[in-house]
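For this note's numbering, add 657 to where a residue sits in the sequence shown, where the first one is 1. All C-beta atoms in this analysis are idealised placements derived from N, C-alpha and C, irrespective of residue type, glycine included.
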Amino acid sequence: MLGSDIGKLFKEQHQRTMELAESIIENVKDSSRDELIEMLREVVSENEANMNNQAATWKAYEAVKKIMKESVDPIINAQEIFDEEVKNIPAEIRTDFVKSFDDLTTEKLDMSLQMNCSNVSSQPMLDPWTKQPIKNPVKSTICAHTYDKDSIICQIKTNKKFRCPYIGCNAVLTKKKITEV
658 MLGSDIGKLF
668 KEQHQRTMEL
678 AESIIENVKD
688 SSRDELIEML
698 REVVSENEAN
708 MNNQAATWKA
718 YEAVKKIMKE
728 SVDPIINAQE
738 IFDEEVKNIP
748 AEIRTDFVKS
758 FDDLTTEKLD
768 MSLQMNCSNV
778 SSQPMLDPWT
788 KQPIKNPVKS
798 TICAHTYDKD
808 SIICQIKTNK
818 KFRCPYIGCN
828 AVLTKKKITE
838 V
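Below, the structure is given as structure tokens:
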């Protein structure tokens with residue numbers, strides 16, 4: 658009975674994780690989405706390993722229990738039986754959980770990326786300082802953010818060193834760290 662309960666819990670956990678991944682992909686649109694998906698992927702891998710260990714232990718336990726019922730001297734044979742059963746379990750018991758998670762996230766991210774790319778191509782890239790469309794793009798070699806050449810030259814003239822204006826970016830920019838795109 659406990660084995661079927663564990664299987665049911667694994668399936669429920671799988672379903673909830675897949676729903677969470679879909680929700681992240683559909684609702685998080687900034688750069689933190691990839692980070693969240695990667696963190697979820699690590700959790701899925703850890704859970705998969707734990708599930709496999711629990712399933713393997715349960716299988717070995719059931720084998721020991723069955724043989725102990727039939728054995729004349731169950732106490733002597735129990736450890737040997739358990740060890741033997743654990744050896745018989747394949748090194749990598751793999752369910753389709755991680756694969757289905759990877760497939761889902763890859764497929765959904767690809768679709769989301771295609772939709773975002775079509776939206777991005779129709780909207781001009783804006784310079785973070787002037788909020789005007791970038792006409793002559795240059796890029797930071799540190800953080801890879803893009804700026805308009807005229808606005809960055811103006812910044813360089815007023816300040817030798819300055820921070821990247823993109824929210825959350827702490828890169829310190831100088832003339833040497835800017836390249837033509």
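Reduced DSSP secondary structure (H/G/I, E/B, other) of residue i
i, result
"T836", "strand"
"S797", "strand"
"Y718", "helix"
"V829", "strand"
"T787", "coil"
"D687", "coil"
"R673", "helix"
Residue i burial status per 10 Å Cβ neighbour count (16 or more: buried)
i, result
"E837", "exposed"
"K717", "The question names Lys, but residue 717 is Ala in the sequence shown. Per the 10 Å Cβ criterion, buried."
"D784", "buried"
"L830", "buried"
"S797", "buried"
"I809", "buried"
Spatial distance of residue i from residue j (CA atoms)
i, j, result
"K842", "I835", "In this structure the chain extends from 658 to 838, so residue 842 is not present and cannot be described."
"W786", "T674", "40 Å"
"Y804", "P790", "10 Å"
"C821", "S702", "36 Å"
"P794", "K832", "14 Å"
"L693", "K788", "29 Å"
"G664", "V721", "20 Å"
"D687", "A801", "16 Å"
"L666", "Q672", "10 Å"
"M658", "R698", "Note that M658 has pLDDT 47, beneath the 50 cutoff, so the model's placement of it is unreliable and no number is given."
"N827", "E676", "34 Å"
"A713", "V685", "37 Å"
"E719", "K668", "21 Å"
"I813", "E695", "37 Å"
"S689", "K792", "28 Å"
"P781", "Q670", "42 Å"
"G825", "V700", "26 Å"
Exercise for the section: Could you say if the stretch 673–691 and the stretch 706–714 meet the contact criterion of at least three C-beta pairs nearer than 8 Å? Expected result: no
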